[in-house]
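Just add 3 to wherever you are in the sequence shown, counting from 1, and you've got this note's numbering.
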Amino acid sequence: MPKNNLIEGEVIHKPHVSESKKVILGVENFLAGHVGLIKGKRVGLVTNQSGVNRSLQSTADLLFHHPDINLKALYGPEHGIRGDIFAGHKISTQTDPKTGLTVYSLYGKTRKPTKEMLNGIDVIIFDIQDIGVRSYTFISTMGVVIEAAAENDKEVIILDRPNPIGGVKVEGNIVHDGYFSFIGYFPIAYRHGMTVGEIAKMHNTEKNIGAKLTIIPLKNWNRSMLWNETGLPWIPTSPHVPDWESSLFLAATGTFGELHVLSEGVGYTMPFEFVGAPWIKSDEFATALNNLNLSGIIFRPVSFKPYYFRLKDQQCQGVQLHIIDYNTFDSFTCGLHIMKTTMDLYPDHDLFANKNRISSFNKVMGSDLITTGLQTGKSVDQLEKEWQQELNEFKKIRTKYLLY
């Protein structure tokens, strides 16, 4: 019998990355040659469970045990320093059991470090893995940290990390005045195609913040890389982003989840990968979406019952998103088409029925263009044309700050 082509034990979905081409993280680059930047200085670290090197050693532990680093305090973002807190839940200041250091919460009574929180440190280091989506609050935390550092005459060092969904594709509208919030802190596209270091550089310069900012760059990363091409292990960045592909699904379906009408799979085993409701007919829904012939994506009819959160214990029908080409998949556009198709097929079920949720949805979307556009019957193409000029302007600004 002829042997198949599969090598025993080989992971076929993960491209092989040679040693010479492995991506070197900012934290690894920093510890290998830039510790002198903080010698003799008292250090604070903004991090969470995603702040690790390729050997899965935490940045907090690496800095705490380094003989030439004086780590004095930790700061935790949304979901907490260990990443086990549900989205949106407030967190209190606590003590880290491993290091004994105070962990100041940046997602509790305050989201911006106070003068008191920064007393006793000279430099604040940021090392958190982002997912490439504007509404994910880790970059917002970075923004306010940079501002607080400037206001309190502290240095800031950003340990850069890859954008898991790549640095080429840029999608979505730009946040408008009146809609800035912690889930839309920067005037950037929803899928921005930037690393945290690049966003930090842009924010500090464009807003004239004047922080003493240093970016420790990646090595061997290029903009066309997706996470599975980096050779790096993925650490769940939050409870509902268990793998890197979740970032792409979130960029598509996480937006309309704010309306609390459809389930976007949060509460089931496939967060952001399933979309449905009790009143949807799965075959009809999947057929309509597949007939759109969207790039890089096909839809499978499914039936599911969320175990918790929205539509808990209700039998839902809908679709599972299957990405067949990462490079051509337009995540934000896909999300708009899902909303539009739902409204066309099921006009008796108003996606905007929960009036208390429209404000949150508009903040995620960065304006009310999508809400008013969909409610007045505009097509997805018409909506995207409305923000094409501002998207092009953002791309021009963005180019000045690209490091790779």
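Using N, Cα and C, we set each Cβ at its ideal position, and we do this for glycine too.
Values in this document were obtained by computation on a predicted structure and should not be read as measured data.
query	result
Take residue 16 and list the residues in its own chain whose beta-carbon comes closer than 6 Å to its own, dropping the five residues that flank it on each side.	Residue confidence is low: residue 16 scores 43 on pLDDT, short of 50, so the model does not pin down where it sits. No coordinate-derived value is stated.
Let me check understanding here. Comparing Cα to Cα, which of 164, 379, 142 and 259 lies closest to residue 32?	164
Give me whichever residues DSSP pairs with residue 325 in a beta bridge.	301
Buried or exposed: where does residue 156 fall if 16 or more other Cβ atoms within 10 Å of its Cβ makes it buried?	exposed
My parser needs the alpha helix (DSSP H) runs of 4 or more residues fully inside the stretch 29-105; what are they?	29-36 and 62-67
Which two residues bound the contiguous alpha helix (DSSP H) that contains residue 386?	383-389
Under 8 Å: do the stretch 142-153 and the stretch 94-102 share three or more Cβ pairs, one atom per stretch?	no
Is it true that the stretch 54-62 meets the stretch 37-46, where meeting means three or more beta-carbon pairs spaced less than 8 Å apart?	no
Drop a sphere of 10 angstroms on the beta-carbon of residue 399, count the other beta-carbons inside from all chains shown, and report buried for 16 or more, exposed for fewer.	exposed
Among all the DSSP beta bridges, which residues are the ones paired with residue 1?	No answer is possible for residue 1: the residues shown for the chain start at 4 and end at 407.
Give every residue of the same chain whose Cβ lies closer than 8 Å to the Cβ of residue 405, excluding the five residues on either side of it in the sequence, and list them in chain order.	170, 197, 201 and 226
If we count Cβ pairs, one from each stretch, closer than 8 Å, do we get three or more for the stretch 326-339 versus the stretch 290-310?	yes
What do you reckon, are the CB atoms on residue 319 and residue 309 nearer than 8 Å?	yes
Given 8 Å as the limit, is there contact between the stretch 111-123 and the stretch 76-85, that is, 3 or more CB pairs closer than that?	yes
Does DSSP classify residue 26 as helix, strand or coil?	coil
State the start and end residues of the unbroken alpha helix (DSSP H) segment that holds residue 365.	358-368
Residue 187 bridges to which residues according to DSSP?	184
Can you check the stretch 157-218 for any alpha helix (DSSP H) of at least 4 residues that lies completely inside it and give the ranges in chain order?	199-209
Using 8 Å as the cut-off, can you tell me whether the stretch 217-234 makes contact with the stretch 187-194, which would need three or more C-beta pairs spanning the two stretches below that distance?	no
For residue 41, which option in 120, 135, 161 and 94 has the closest C-alpha, if you only look at C-alpha atoms?	161
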